[in-house]
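Position 239 (the sequence shown) corresponds to 238 in numbering that gives the first Met the number 0; numbering is contiguous. Ideal placement from N, C-alpha and C gives every residue a C-beta, glycine not left out. Bear in mind that the values here come from a model prediction, so they are computed numbers and not experimental data. The structure appears below as structure tokens.
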Amino acid sequence: MIKKIGLLFVFVSCLLIFQCVLAAENVAGSEKRIGIMSAMDNEINLLLTNADIEYEDKVGGITFHVGTLCGKNVVIVRSGIGKVLSAAGTAALFNRYDISELIFTGVAGGVSDETQLLDIVIATDLVQHDYGTIDSSGHVWTPPYDGPEDGFFQCDSSLVDLAYKTAAETIGEDHVFKGTVVSGDQFVSSSSYVKLLQERFDAYACEMEGASVAAVCRQYEIPFVVIRTMSDKADGLAVESYENWVETAADQSSSVVMKMLKEMD
Ligand code: SAH
């Protein structure tokens, strides 16, 4: 009898250990962490320089930098450019870590007449400007079926307010805007398309990742905000402007993120 109980005890213990190993493979660490994501290396360089990285974790070709930044537990990750890779990176991040909120930081093209080079736009909401139907008259925008009815994904209002306040303290209120950011799988370098983005979406900035990240955050119910410094005006001069200003603009967004982290609970 005692032998049987002993065997049962060993069996149950092995089962528990096995389950723990499986769980550890899916969720790396049980601590809550703030996710910080960008599309490109130059958008996370300043963050990595200032962070204490405890370890790096590579999943599906994406490197997660796990550590602390400005006193907070963070995972910093570069997803890659465009809606596909940014959505994949967001899902991988959420599946692997216990993420409390996500801050996306980077550069964008200014769309509203107000937003000038190196101004900051804090997204209040995001929409995929290239979604829809192609018919004989061309592209007809429609909201994606699996999303908010009007197609506009809302950012977390507390994160938006904190990002706005921090950005305004950093570069002055006149250079910071809250508004709609539009995303698509195209680098926009056309004044006529900028007009369309203004008229159709009342957009402040355009980029290539925010709305797809937002779609995944909505599915996982994780609060998020997108912070973008303007590297260009998405017009005919956008390519040259982007090449000249991308580093400065990327660093400026990162500086805002670091100040924000210091003020987060
Ligand atoms: N030339 C680069 C591509 C950069 S794409 C290369 O091939 O390496 C531009 C990046 O900056 C994207 O991550 C996008 O989110 C942002 N961006 C800046 N200005 C933009 C614009 N005018 N249109 C779309 N995305 C823009």
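Leaving out five residues before and five after residue i in sequence, what residues of the same chain have Cβ atoms less than 6 Å from its Cβ?
i	result
Q34	Sequence inspection shows Gly at residue 34; the Gln mentioned does not correspond to that position. Answer for G34: V74, L92, I98, L101, listed in chain order.
V181	V126, H128, L196, F200, A202, C205
S135	none
S111	Y203
W244	S230
S85	S78, E208, S211, V212
N72	E30, R32
P143	Y130
Within a Cβ cutoff of 7 Å, which residues of the same chain sit near residue i, ignoring the five residues on either side of it in sequence?
i	result
V238	S188
A23	The pLDDT assigned to A23 is 46, lower than 50, so where the model puts this residue is not dependable, and the model offers no usable value.
P222	E100, D155, L158
D250	L45
E246	N41
A248	V106, L117, T228, M229, S230
S190	D234, G235
Please say whether residue j and residue i have beta carbons closer to each other than 8 Å?
i	j	result
V215	T89	yes
I226	S254	no
G66	D51	yes
T165	M259	yes
L117	M263	no
E42	T114	no
I119	I61	no
D124	T179	yes
So what does residue i bridge to, in DSSP terms?
i	result
D231	G108
K177	I121
E206	S182
Q197	Partner(s): none; Q197 has no beta bridge.
T266	Given a span of 0 to 264 for the chain in the structure shown, any question on residue 266 remains unanswerable.
V126	V181
Work out the CA separation of residue j and residue i for me, nearest whole Å.
i	j	result
L195	S156	27 Å
G150	K261	33 Å
L236	F152	29 Å
Q218	S29	21 Å
A233	F176	17 Å
V193	Y54	42 Å
S78	L161	24 Å
Y241	G59	29 Å
A210	P147	12 Å
Y163	A38	21 Å
H174	F186	23 Å
A87	K57	14 Å
N94	E220	13 Å
A167	E198	27 Å
E172	A122	15 Å
In chain order, what residues of the same chain lie with their CB nearer than 8 Å to the CB of residue i, ignoring the 5 residues before and after it?
i	result
D184	G81, K82, V83, D129, M207
V256	I35, L46, I102, T104, I226
G131	H138, V139, W140, T141
D133	Note that residue 133 corresponds to Ile in the displayed sequence, not to Asp. Result list for I133: V139, in chain order.
L68	I35, L46, N49, A50, D51, I75, M257, L260
G109	Q115, L116, D118, V120, Y203, A204, M229, D231, K232, A233
Any heavy atom of the ligand FMN within a distance shorter than 7 Å of the CB on residue i?
i	result
V106	Looking for the ligand FMN in the displayed structure turns up nothing; the ligands present are the ligand SAH.
Looking at chain C, is there any beta carbon in it that lies within less than 8 Å of the beta carbon of residue i?
i	result
A237	Annotation note: the requested chain C is absent from the structure, which comprises a single protein chain.
Query raised in the report: Curious, which full-length beta strand (DSSP E) runs of at least 3 residues does the segment 19-102 contain?
Result: Counting only runs of 3 or more, we get 31-37, 51-58, 61-68, 71-77.
Next on the checklist: Runs of 3 residues minimum, wholly inside the segment 136-186: which ones carry the beta strand (DSSP E) assignment?
Outcome noted: Those beta strand (DSSP E) runs which fall completely within the segment 136-186 and span 3+ residues are 137-139, 175-182.
Item checked: Minimum length 3: unbroken beta strand (DSSP E) runs contained in the segment 215-261 -> If one requires a minimum length of 3 residues, the beta strand (DSSP E) runs lying completely within the segment 215-261 are 223-231, in chain order.
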